[in-house]
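In what follows, a single structure is set out as structure tokens and then discussed.
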């Protein structure tokens, strides 16, 4: 696991460069996209690359991490709508190549199995963008989630629903269930790029990077992956015991690579 600790204003550009490098190498590549506030700046940085002619995602396939159950697809806060608005339209992607779990399916278990199959058929995800919840969830894999889990139906915790209530009129309007890629599904991606800012995420980051691997902190499963990069700001790094080591390692990395 590589931790890159930066001033907050540099986080998005560095994370976007990592994502862009992977997609260029895999051209056209398969991108894993996340919703929430953390990835928005990364999408904005990718949009700037595209506008400058440095990146083309028109043939790139994409898979979303999750979707609410029962919410209309045209609801502005459905993840299908958010992905269309913040990813597909901004990054010039082909809507036919971008897939979101079907939270309106009559058979949700079948929809989950079909989603897993679609990812496999695409050849797997080359680079997955992740955020992290204050309780350590990735995707909607809440504490107690199996570290080997696949795409499935999950119940959202009260804390997660309250955190997402800012996107709705009231917490009562936030759906209680979702479809989410499992932790095992996420760990299948070739490269995981997690972005986090703020002291509210600091304990989750500490547990993800330095804590024991435990279902209590689902993001701690990232320690089991061979290619994970956490791009975080100083506040999100504030609980790390080895923060100075991570900073020094990143500072020296270019010098080592140039030898």
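Residue numbers (the UniProt record's numbering): 1 to 259.
Note that CB positions come from ideal geometry on N, CA and C, so glycine has one too.
Cut-off 7 Å between Cβ atoms - residues of its own chain near residue i, not counting five sequence neighbours on either side
{"i": "residue 258", "result": "For residue 258, the predicted model reports a pLDDT of 48, less than 50, meaning its position is unreliable and no value from the coordinates is stated."}
{"i": "residue 88", "result": "95 and 98"}
{"i": "residue 8", "result": "197 and 233"}
{"i": "residue 118", "result": "99"}
{"i": "residue 46", "result": "16, 19, 20, 55 and 91"}
{"i": "residue 247", "result": "5"}
{"i": "residue 74", "result": "81"}
{"i": "residue 145", "result": "183, 215 and 218"}
{"i": "residue 238", "result": "199 and 202"}
{"i": "residue 26", "result": "126"}
{"i": "residue 139", "result": "65, 66, 180, 181 and 186"}
For residue j and residue i, believed in contact at Cβ under 8 Å, the rounded distance
{"i": "residue 228", "j": "residue 15", "result": "The Cβ separation is near 13 Å, so there is no contact."}
{"i": "residue 234", "j": "residue 50", "result": "Their Cβ separation, rounded to whole angstroms, is 29 Å, which puts residue 234 and residue 50 out of contact at 8 Å."}
{"i": "residue 204", "j": "residue 219", "result": "6 Å"}
{"i": "residue 141", "j": "residue 182", "result": "7 Å"}
{"i": "residue 108", "j": "residue 179", "result": "7 Å"}
{"i": "residue 70", "j": "residue 175", "result": "6 Å"}
{"i": "residue 236", "j": "residue 202", "result": "6 Å"}
{"i": "residue 1", "j": "residue 57", "result": "Between residue 57 and residue 1 the Cβ distance is about 27 Å, and since that is not below 8 Å, they are no contact."}
DSSP bridge partner residues for residue i (one or two, in chain order)
{"i": "residue 10", "result": "None; residue 10 has no bridge partner."}
{"i": "residue 19", "result": "Answer is none; residue 19 lacks a bridge partner."}
{"i": "residue 130", "result": "194"}
{"i": "residue 135", "result": "BP columns for residue 135 are empty, so no partner."}
{"i": "residue 233", "result": "6"}
Same chain, Cβ closer than 8 Å to residue i, five either side skipped, listed in chain order
{"i": "residue 256", "result": "Unreliable placement is indicated for residue 256, whose pLDDT of 43 sits below 50; no coordinate value is reported for it."}
{"i": "residue 11", "result": "41, 195, 197, 231, 232 and 233"}
{"i": "residue 241", "result": "206 and 210"}
{"i": "residue 224", "result": "147, 187 and 213"}
{"i": "residue 134", "result": "159, 163, 200, 201, 203 and 204"}
{"i": "residue 13", "result": "45"}
Cutoff 6 Å; reference residue i; Cβ partners in own chain excluding five residues on either side
{"i": "residue 59", "result": "28"}
{"i": "residue 216", "result": "143"}
{"i": "residue 149", "result": "182, 183 and 184"}
{"i": "residue 137", "result": "218"}
{"i": "residue 101", "result": "67, 115 and 179"}
{"i": "residue 62", "result": "31, 33 and 98"}
{"i": "residue 253", "result": "none"}
{"i": "residue 261", "result": "One cannot answer for residue 261 here, as it falls past the ends of the chain, which runs 1 to 259."}
{"i": "residue 162", "result": "171"}
* Do the region 24 to 38 and the region 115 to 131 touch if we need at least three Cβ pairs shorter than 8 Å? -> Yes: at least three Cβ pairs fall under 8 Å.
* Is the region 188 to 199 in contact with the region 158 to 177, if contact means three or more CB pairs nearer than 8 Å? -> no
* Secondary structure, alpha helix (DSSP H): runs of 4+ residues fully inside the region 143 to 230 -> 158 to 164, 183 to 187 and 202 to 210
* To do: Count the C-beta pairs between the region 64 to 78 and the region 139 to 157 that are closer than 8 Å, then say yes if the count reaches three, no if not.
  => Yes, they touch.
* Asked: Between the region 199 to 214 and the region 169 to 182, are three or more C-beta pairs nearer than 8 Å?
  -> no
* In chain order, which alpha helix (DSSP H) runs of at least 4 residues are fully inside the region 104 to 128? -> Along the region 104 to 128, the alpha helix (DSSP H) occurs as fully enclosed runs of 4 or more residues at 108 to 121, listed in sequence order.
* Pick out the complete beta strand (DSSP E) segments inside the region 25 to 98, 3 residues or longer, and give them in chain order. => You should have 30 to 33, 61 to 64 and 66 to 68.
* Can we say the region 68 to 86 touches the region 110 to 125, given the rule of at least three CB pairs closer than 8 Å? -> no
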